[in-house]
Amino acid sequence: MANRSRNIPIKHIIGFVTSVVLTFVAAWTALRSNLPVMWVIISILVLAVIQAAIQLFLFMHLTERGAGNTPWNMMFHGAVLAAIIVAGSLFTMSFGFM
């Protein structure tokens, strides 16, 4: 019986519930709070960074050992690729190469 209770992915459940709560807090901040617009933007950005960290460490398994630095390596190359795509898109839209 002890092994059966161990099959429950408690970290995933906690991460999912926390992500949902952070999403609702961000939605409430944007729709119902009486904060100035700048503080709404700052609070949503802070909540987004917290939620991204939760997703990376609980769901993307960044803390697991095994293949060396593979997760960090893939994240770095993904960020470089995203920066190239965003920079190219901004360049194209700014100078009218359509």
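Number 98 marks the last residue of the sequence shown (my numbering); no jumps.
Glycine is no exception: its CB is placed at the ideal position from the N, C-alpha and C atoms.
All figures in this text were calculated on a predicted structure; none of them were measured in a lab.
Taking 8 Å as the cut-off, the beta carbon of Val46 is found no closer than this to the beta carbon of Ala30. Between Lys11 and Leu56, the CB-CB gap reaches or exceeds 8 Å. Under the three-state reduction of DSSP, Met74 is assigned to helix.
Under the three-state reduction of DSSP output, His61 falls in the coil class, being neither helix nor strand.
In the same chain as Ser19, and ignoring 5 residues on each side of it, the C-beta atoms closer than 7 Å to its own belong to Gln51, Ile54 and Gln55, in chain order. Boundaries of the alpha helix (DSSP H) around Leu22: Ile10 to Leu31.
Between Leu62 and Pro71, the gap from beta carbon to beta carbon is short of 8 Å. The alpha-carbon of Phe76 is positioned some 11 Å away from that of Ala83. Inclusion of Ile44 and Ala26 in the CB contact set at 8 Å is warranted, their separation being smaller than that value.
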